[in-house]
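Here full-length UniProt numbering is used: the first residue of the sequence shown is 1, the next is one more, and so on.
Just so it is clear, CB atoms sit at the ideal spot from N, CA and C, and this is done for glycine as well.
Worksheet: one structure, shown below.
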Amino acid sequence: MEVVEGQLLSEIRQYFYRWGRDHTYAIYSRLAHGPQDSAGELLCHRIEQEYRVGPLELNHEVVLRTSTSLNTGLVLYSDNNGYQMQRRTYRHDRNNSVSLNYYPMAQSAFIQDGGSRLVLLSEQAHGVSSQGNGQVEVMLHRRLWNKLEWTLQYNLTHDVTSVVRPVLWLLLGPRTLTTGLRQRSGLELQHRPVVLFRELGGTVQNGPGPRKQEPVTLPPSLHLQILSIPGWKYSSNHTVHLKNLQKGHYRRAKADFRRVLLRLHHLYEAGEHQALSRPVTMNLQSVLRGLGSVVAVEERSLTGTWDVNSLHRWSWKTEDGHHHRGLGPPGSLPSGGPNVTIHPKEIRTFFIHFQEQ
Numbered sequence: 001m002e003v004v005e006g007q008l009l010s011e012i013r014q015y016f017y018r019w020g021r022d023h024t025y026a027i028y029s030r031l032a033h034g035p036q037d038s039a040g041e042l043l044c045h046r047i048e049q050e051y052r053v054g055p056l057e058l059n060h061e062v063v064l065r066t067s068t069s070l071n072t073g074l075v076l077y078s079d080n081n082g083y084q085m086q087r088r089t090y091r092h093d094r095n096n097s098v099s100l101n102y103y104p105m106a107q108s109a110f111i112q113d114g115g116s117r118l119v120l121l122s123e124q125a126h127g128v129s130s131q132g133n134g135q136v137e138v139m140l141h142r143r144l145w146n147k148l149e150w151t152l153q154y155n156l157t158h159d160v161t162s163v164v165r166p167v168l169w170l171l172l173g174p175r176t177l178t179t180g181l182r183q184r185s186g187l188e189l190q191h192r193p194v195v196l197f198r199e200l201g202g203t204v205q206n207g208p209g210p211r212k213q214e215p216v217t218l219p220p221s222l223h224l225q226i227l228s229i230p231g232w233k234y235s236s237n238h239t240v241h242l243k244n245l246q247k248g249h250y251r252r253a254k255a256d257f258r259r260v261l262l263r264l265h266h267l268y269e270a271g272e273h274q275a276l277s278r279p280v281t282m283n284l285q286s287v288l289r290g291l292g293s294v295v296a297v298e299e300r301s302l303t304g305t306w307d308v309n310s311l312h313r314w315s316w317k318t319e320d321g322h323h324h325r326g327l328g329p330p331g332s333l334p335s336g337g338p339n340v341t342i343h344p345k346e347i348r349t350f351f352i353h354f355q356e357q
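Now the structure itself:
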């Protein structure tokens, strides 16, 4: 084991050996000494653990188990689709209780009691389980070989001699604090910055006159999923677009450099957080002012294919009622710009048309 301390980061390196010289497993635990922001809060609230596992011997599974003093009652929460959390209660079985209580973890999982919560965030999918009170375990790697005749229709063979290097972030704290941090921290793990080094060959040439650009800032409960690069030739009318493709006229279409695809996602579930789970209303013209002058907004279906005003959706009877979708006919803006409301866990997609410069 090695302990390396620095001004910005402390790292604990643990090596586990199967034979005398080559280590099979390694755990690198990192804790950043982050500065405080303007509000006096730490910019880093997590412990990062990176693992090196493999190659494994045949019929072996590697599981990382974390034990805490939390009184969880064998209840686990995991996101089986990377979108919403599901409560997983322990199911007792005389012969198969271990695998019966393993669940998929696409991005995050947590255990909690009345006051505290331990959150696990992952950059890739894993299996996760809680086999004991206050415990949570993650399947890091496995190598199985199964040739039994009675299981051929459920072949579990996974004979891979690879080496994996998964990364987990751990957050431990009060439930109110970790609830607000889990969604944002998950995005930071999924979209970590890529650091590139290069030699500067010269100075940056600035254009004539002062250049000032306003930042595009969203409320903390919203995530910008897509803001596409303009210039594509897709027609706003999907039927017309299909006809152009069938007739071979798509090459004649002119690229629309004034239109971008915008997709907004509300990160939090209803009732998950006292403040961040509320619907968010914002003015798209005001938010996107730093990119240019917005002249028209069209709301589209999730993939951007259809205009929502032309769709006939099924109406579901829900407790909070149906949320109206659509901003009116394309090509027009209400006075003051379009106000858009994003409800908890809602995803809305728009075509934004900017004024030609």
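Check: Buried or exposed: where does L302 fall if 16 or more other Cβ atoms within 10 Å of its Cβ makes it buried?; Outcome: exposed
Check: Going by CA-CA distance only, name the one from T217, S122 and S10 that's closest to H191.; Outcome: S122
Check: Grouping DSSP H, G and I as helix and E and B as strand, with all else coil, what is G127?; Outcome: strand
Check: On a CA-only basis, which of R18, N80, V128 and H266 is nearest G180? Give me that one, please.; Outcome: H266
Check: Whole angstroms are fine: how far does the CA of Y103 sit from the CA of D93?; Outcome: 16 angstroms
Check: Enumerated in chain order, which unbroken segments of the beta strand (DSSP E) with a length of 3 residues or greater are wholly contained in the UniProt domain "Glycosyl hydrolase family 38 C-terminal" (3 to 144)?; Outcome: 9 to 17, 23 to 32, 47 to 53, 60 to 67, 75 to 78, 86 to 89, 102 to 105, 108 to 112, 116 to 122, 126 to 129 and 135 to 143
Check: In terms of residue numbering, what span does the beta strand (DSSP E) encompassing V167 cover?; Outcome: V167 to P174
Check: Residues in its own chain within less than 7 angstroms of R165 by CB, not counting five upstream and five downstream?; Outcome: E50, Y51 and R52
Check: Going by C-alpha to C-alpha distance, which of E57, G6, S236 and S228 sits closest to W145?; Outcome: E57
Check: Using a 10 Å radius around the Cβ and a threshold of 16 neighbouring Cβ atoms, would you call S108 buried or exposed?; Outcome: buried
Check: Looking only at DSSP bridge pairs, what is R348 linked to?; Outcome: L264
Check: What residues in its chain sit with their C-beta under 6 angstroms from that of V4, if we drop five residues either side in the sequence?; Outcome: E11
Check: According to DSSP, is N309 part of a helix, a strand, or is it coil?; Outcome: helix
Check: Per DSSP, what kind of secondary structure is V240 in: helix, strand or coil?; Outcome: helix
Check: Assuming R87 contacts N101 under a Cβ cut-off of 8 angstroms, what Cβ separation, rounded to an integer in Å, is found between them?; Outcome: About 13 angstroms; that fails the 8 angstroms criterion.
Check: By DSSP's criteria, V164 is part of a beta bridge. Which residues make up the other side?; Outcome: V53
Check: L224 by DSSP, collapsed to three states: which one?; Outcome: strand
Check: Using 10 angstroms around the beta-carbon of L264, count the other beta-carbons present and answer buried if the total reaches 16, otherwise exposed.; Outcome: buried
Check: Quick one: is R143 buried, meaning 16 or more other Cβ sit within 10 Å of its Cβ, or exposed?; Outcome: buried
Check: Hey, could you find the ends of the alpha helix (DSSP H) residue 362 is sitting in?; Outcome: Nothing can be reported for residue 362: it is not among the residues displayed for the chain, which extend from 1 to 357.
Check: Does DSSP classify E356 as helix, strand or coil?; Outcome: coil
Check: Measuring alpha carbon to alpha carbon, tell me which residue in I342, S78 and Y17 is nearest S221.; Outcome: I342
Check: Taking only three categories from DSSP, how would you classify T178?; Outcome: helix
Check: Determine, using beta carbons only, whether R65 and E137 come nearer to each other than 8 angstroms.; Outcome: yes
Check: Is there contact between the region 115 to 133 and the region 169 to 177, where contact requires at least three CB pairs shorter than 8 angstroms?; Outcome: yes
Check: Nearest to L224 by CA position, among L242, P193 and L261, is which residue?; Outcome: L261
Check: Quick check: what's the CA-CA separation for Q7 versus H33?; Outcome: 7 angstroms
Check: Using alpha carbons as the reference points, say which of P219, G82, T178 and E2 lies closest to L288.; Outcome: P219
Check: For S335, which residues of its own chain have a beta-carbon under 7 angstroms away from its beta-carbon, when the five flanking residues on both sides are left out?; Outcome: Reliability fails at S335, whose pLDDT of 46 lies under 50, so the model's placement of it is uncertain and no value is given.
Check: With H, G and I counted as helix, E and B as strand and the rest as coil, what does DSSP make of E299?; Outcome: strand
Check: Do you know offhand how far residue 359's Cα is from K317's?; Outcome: One cannot answer for residue 359 here, as it falls past the ends of the chain, which runs 1 to 357.
Check: Measure the C-alpha to C-alpha separation of T161 and L189 and round it to an integer number of angstroms.; Outcome: 27 angstroms
Check: Relative to the alpha-carbon of G271, which residue among P55, G54 and M85 has its alpha-carbon at the smallest distance?; Outcome: M85
Check: With which residues is residue 365 paired in a DSSP beta bridge?; Outcome: A query on residue 365 cannot be resolved here, the shown segment of the chain reaching from 1 to 357 and no further.
Check: What does a CB cutoff of less than 8 angstroms around G115 pick up in its chain, not counting 5 residues either side in sequence?; Outcome: P174 and R175
Check: How many Å lie between L227 and E2 at the Cα?; Outcome: 44 angstroms
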